[in-house]
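Quick note on numbering: the sequence shown equals residues -20 to -1, 1 to 199 in mature numbering (1 follows the signal peptide of the UniProt record, and there is no 0). Yeah, the Cβ is synthetic: ideal placement off N, Cα and C, and Gly gets one too. Worksheet for the structure shown next.
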Amino acid sequence: MRSTAVAAALLPLALLTACGGGTGGSPEATVTTTVSVTPSAGSTVPPSGSPVTPDATAPGTPSPIPSREHTAATPDLPPPSGTGPVEVKRSPQRPPLVTGVRFAAHPGFDRVVVDLRGAPTGYHVRWVTQLLQDGSGDPVEVKGGAYLQVALNPASAHTEDGKPTWQRIQKAGLPNVRSVVRTGDFEGTVTLGLVLGHRAGFRVDEQSAPYRLVIDIAH
């Protein structure tokens, strides 16, 4: 009776082993699936307190935009040193409206603030040999030692009835920034040129409440 009971107990184990399906006793392979999460359309805003530096486009999921007042700069903020292009791509549902441009001098650098109404948008900041009018390609007759171009896309700089929201040329008279010129409001892209006394390091930052793009240029 004892032998019969042991045999009966072992029978289910033998059946389970036979149903395992392994060839030659090999264990079943384990498959690991890696899921890549694609972020929402557009590039990211730099983390709070971390401006975008030239030659770098921030990846990943957008972070909150730091809020600062007007053209004020952090007291211990050093002059910028990067000179490479900065590009951030975004696709907001509705292009923001450029409402104006402001500027001020700070210790070691000049600050230009582009005020916008609406959602954060894409931008491309780079050096150009001369400023050209968008659409026509005509040269903009403003003399300077260097030209930094800022293109906002998508964006607009005119009202519903077609009137520009800010004047074409604004004289700055700062240590390096001589003037700011609106060179385009064409096919969903607003372009402006910073006319400088000389080429220098720059950095790009974004601020909120309201949303604005900030460009610092070293003296």
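beta-carbon residue i near the ligand ZN non-hydrogen atom, thresh 7 Å
i    : result
G102 : Inclusion of the ligand ZN in the displayed structure is not the case, the ligand content being empty and no account of it being possible.
Residues sharing a beta bridge with residue i, DSSP
i    : result
W107 : L128
R183 : D196
N-terminal and C-terminal residue of the beta strand (DSSP E) that residue i is part of
i           : result
T171        : T169 to L176
S159        : V157 to F166
residue 206 : Nothing in the structure corresponds to residue 206, since the chain is present only between -20 and 199.
For residue i, the three-state DSSP class (helix, strand or coil)
i           : result
S188        : strand
D114        : coil
K143        : coil
residue 200 : The displayed coordinates of the chain run from -20 to 199. Any statement about residue 200 would go beyond what the structure contains.
A135        : coil
Contained beta strand (DSSP E) runs [length at least 3] in the segment 52 to 102, N- to C-terminal order: 66 to 68, 77 to 86 and 89 to 97
On the three-pair Cβ rule with 8 Å, is the segment 148 to 163 touching the segment 98 to 107? no
Does the pairing of the segment 113 to 123 with the segment 80 to 87 give three or more beta-carbon distances under 8 Å? Contact annotation: the segment 113 to 123 does not touch the segment 80 to 87, with fewer than three C-beta pairs closer than 8 Å.
Evaluate contact between the segment 171 to 190 and the segment 56 to 67, counting only Cβ atoms and requiring at least three cross-stretch pairs below 8 Å. yes
Using 8 Å as the threshold, is the segment 184 to 196 in touch with the segment 133 to 153, meaning 3 or more CB pairs across them? no
May I ask you to verify whether the segment 162 to 173 touches the segment 64 to 71, counting CB pairs closer than 8 Å and requiring at least 3? Counting C-beta pairs with one atom in each stretch, the segment 162 to 173 and the segment 64 to 71 have fewer than three that are closer than 8 Å, which means they do not touch.
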